[in-house]
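Q:
Numbering (my numbering), first residue to last: 27 to 117.
(1) Where do the ends of the beta strand (DSSP E) carrying residue 76 lie?
(2) With DSSP collapsed to three states, give me the class of residue 58.
(3) Does the count of Cβ pairs from the segment 63-77 and the segment 33-44 closer than 8 Å reach three?
(4) Using the three-state DSSP reduction, which class does residue 115 fall into: helix, strand or coil?
(5) Between which two residues does the alpha helix (DSSP H) harbouring residue 37 extend?
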C-alpha cells in the first residue's frame, strides 16, 4: 500500500534504476512540487524504503535519496505482483 500511491510508485521506480539521486533532480523527474515530494519521500522513509543523506554544498542544503535494501526488496515484490496481475491482460 505504501508503494501503490502514484507519486510514491513514481519515486520508487526512478530510485530502483539508479544508485541515488539528488532531491532537486528527483523533483524535476517526477514533476512533483518540493513539498509534495517531501511528503511522499517522508512516508517512504518512515516505511524504511528510502534513506536521505542531507549535507551542504557551497553553503546550500543538498539532499541525496536512495533505496534501502528493504525498499529495493519491497519494490521487487511489488513489481512481481503487478506483473502477475497485469501480465495476462489482452492487448
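The beta carbon of each residue, even a glycine, is placed where N, CA and C say it ideally should be.
A: The relevant details are as follows:
(1) Within the chain shown, numbered from 1, the residue matching residue 76 stands at position 50. Note, residue 76: beta strand (DSSP E), 76-83.
(2) Position 32 of the chain shown, counting from 1, holds the residue named residue 58. Residue state, collapsed to three classes: coil.
(3) By the criterion of at least three beta-carbon pairs nearer than 8 Å, the segment 63-77 is in contact with the segment 33-44.
(4) Along the chain shown, one-based indexing puts residue 115 at 89. Reduced to three states, the DSSP call for residue 115 is coil.
(5) In the chain shown, counting from the first residue as 1, residue 37 sits at position 11. Taken as a continuous stretch (DSSP letters only), the alpha helix (DSSP H) holding residue 37 covers 32-42.
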